[in-house]
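Worksheet: the structure to be examined is printed underneath.
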Amino acid sequence: NAGVTQTPKFQVLKTGQSMTLQCAQDMNHEYMSWYRQDPGMGLRLIHYSVGAGITDQGEVPNGYNVSRSTTEDFPLRLLSAAPSQTSVYFCASSYLGRTYEQYFGPGTRLTVT
Amino acid sequence: TQLLEQSPQFLSIQEGENLTVYCNSSSVFSSLQWYRQEPGEGPVLLVTVVTGGEVKKLKRLTFQFGDARKDSSLHITAAQPGDTGLYLCAGARVNNNAGNMLTFGGGTRLMVKP
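And the structure:
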């Protein structure tokens, strides 16, 4: 199993550009989520999904969109990039249940200039 | 203010020393997890604790869940340079909108010097 894969690994955007961060998992996990990690802030939840067709907002959803058309894929769209979105983005997946033990992808380092 | 407060934020110790990292909250969690993250990689799960008062051991690492399921600690005995990394606690709780949510603490950056 590949686990959780993310592309691209690195990305530089200009302010106002849009892009999609890709995430895929091959573990048949129902739950998928996107986090951003900034120095000293730990991981903050952006959006999450409990199954295909079902998404919900996390702690910091503004400026981001998600969709979940299949169990495997959970792309994150930046609508109009801003310097405040410079961060490392992690996708994670897990089974639904009491514990939600997360399997993380390797991350995408995004810089917005 | 974060829902889960970790302390200390930074810790630099010599090989062989013991240390404890704390994860505190005013909220009750259905479970609490500890992850370790190395530079350039995603966090990797170390342990999950579910029951109040639960203690789990993973070699030299001891994890404890508070009786009220609001706090947790990670104790490392005889730290080694390989323990260096960012340690994150995360609590699972019910989101009133839909399903459960996992909330992360700010992390403790540990450096163990040889």
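Which chain is which? The protein sequence lines are V and X, in order. Residues in the first sequence are numbered from 1 upward in steps of one, following the working numbering. Residues in the second sequence are numbered from 1001 upward in steps of one, following the working numbering. A virtual CB, placed ideally from N, CA and C, is assigned to each residue, including glycine. Just so we're clear, the structure is a prediction, and the values are computed from it rather than from any experiment.
Alpha carbons only, please: which of the options is nearest the one belonging to residue i?
| i | options | result |
| --- | --- | --- |
| T1077(X) | D1067(X), A1090(X), K1059(X) | K1059(X) |
| E59(V) | V50(V), Y35(V), A52(V) | Y35(V) |
| T111(V) | E101(V), S94(V), V88(V), T55(V) | V88(V) |
| A81(V) | T5(V), A2(V), Q11(V) | Q11(V) |
| Q1033(X) | P1008(X), S1027(X), F1063(X) | F1063(X) |
| P83(V) | K14(V), T71(V), A2(V) | K14(V) |
| G3(V) | P75(V), M27(V), T20(V), Q17(V) | M27(V) |
| L1004(X) | G107(V), L43(V), F90(V) | L43(V) |
Counting contacts by CB-CB distance shorter than 7 Å, is residue i in contact with chain X?
| i | result |
| --- | --- |
| S18(V) | no |
| T99(V) | yes |
| L21(V) | no |
| F104(V) | yes |
| F90(V) | yes |
| G53(V) | no |
| L13(V) | no |
| L110(V) | no |
| G63(V) | no |
Taking 7 Å as the threshold (beta carbon to beta carbon), is residue i in contact with chain V?
| i | result |
| --- | --- |
| S1072(X) | no |
| N1096(X) | Residue placement at N1096(X) cannot be trusted, given a pLDDT of 49 that sits under 50; the coordinates are not used to answer. |
| S1026(X) | no |
| T1048(X) | yes |
| F1010(X) | no |
Since residue i and residue j are thought to touch, with beta carbons under 8 Å apart, how far apart are those beta carbons, to the nearest angstrom?
| i | j | result |
| --- | --- | --- |
| G1103(X) | G1091(X) | It is Thr, not Gly, that sits at residue 1103(X) in the sequence shown. T1103(X) to G1091(X), Cβ: 5 Å. Contact. |
| Q85(V) | L79(V) | About 10 Å separates the two Cβ atoms, so there is no contact after all. |
| Q25(V) | F90(V) | With a Cβ gap of about 13 Å, Q25(V) and F90(V) do not count as contacting. |
| S69(V) | A52(V) | 7 Å |
| T1048(X) | E101(V) | 6 Å |
| A1079(X) | G1040(X) | With a Cβ gap of about 22 Å, A1079(X) and G1040(X) do not count as contacting. |
In or out: residue i buried (at least 16 other Cβ within 10 Å) or exposed?
| i | result |
| --- | --- |
| N1096(X) | For N1096(X), the predicted model reports a pLDDT of 49, less than 50, meaning its position is unreliable and no value from the coordinates is stated. |
| V1021(X) | buried |
| F104(V) | buried |
| P39(V) | exposed |
| E1038(X) | exposed |
| Q1014(X) | exposed |
| D1067(X) | exposed |
| G1105(X) | buried |
| V66(V) | buried |
| F1010(X) | exposed |
| S49(V) | buried |
First and last residue of the beta strand (DSSP E) that includes residue i?
| i | result |
| --- | --- |
| L1003(X) | Run containing L1003(X): none; DSSP gives neither H nor E here. |
| S1012(X) | 1010 to 1014 |
| A52(V) | Neither: A52(V) is in no beta strand (DSSP E) and is coded neither H nor E. |
| R109(V) | 108 to 112 |
| M41(V) | From DSSP, M41(V) is part of no beta strand (DSSP E); its letter is neither H nor E. |
| T15(V) | Per DSSP, T15(V) belongs to no beta strand (DSSP E) and is neither H nor E. |
| Q37(V) | 31 to 37 |
| V66(V) | 64 to 66 |
| T20(V) | 19 to 25 |
So that I know if they touch, is there some Cβ in chain A lying closer than 7 Å to that of residue i?
| i | result |
| --- | --- |
| G1107(X) | The chain inventory of the structure shown lacks chain A, comprising the protein chains V and X. |
Nearer than 6 Å: is that true of the beta carbon of residue i relative to any heavy atom of the ligand SAM?
| i | result |
| --- | --- |
| R77(V) | In terms of ligand content, the structure shown is empty, and the ligand SAM therefore cannot be addressed. |
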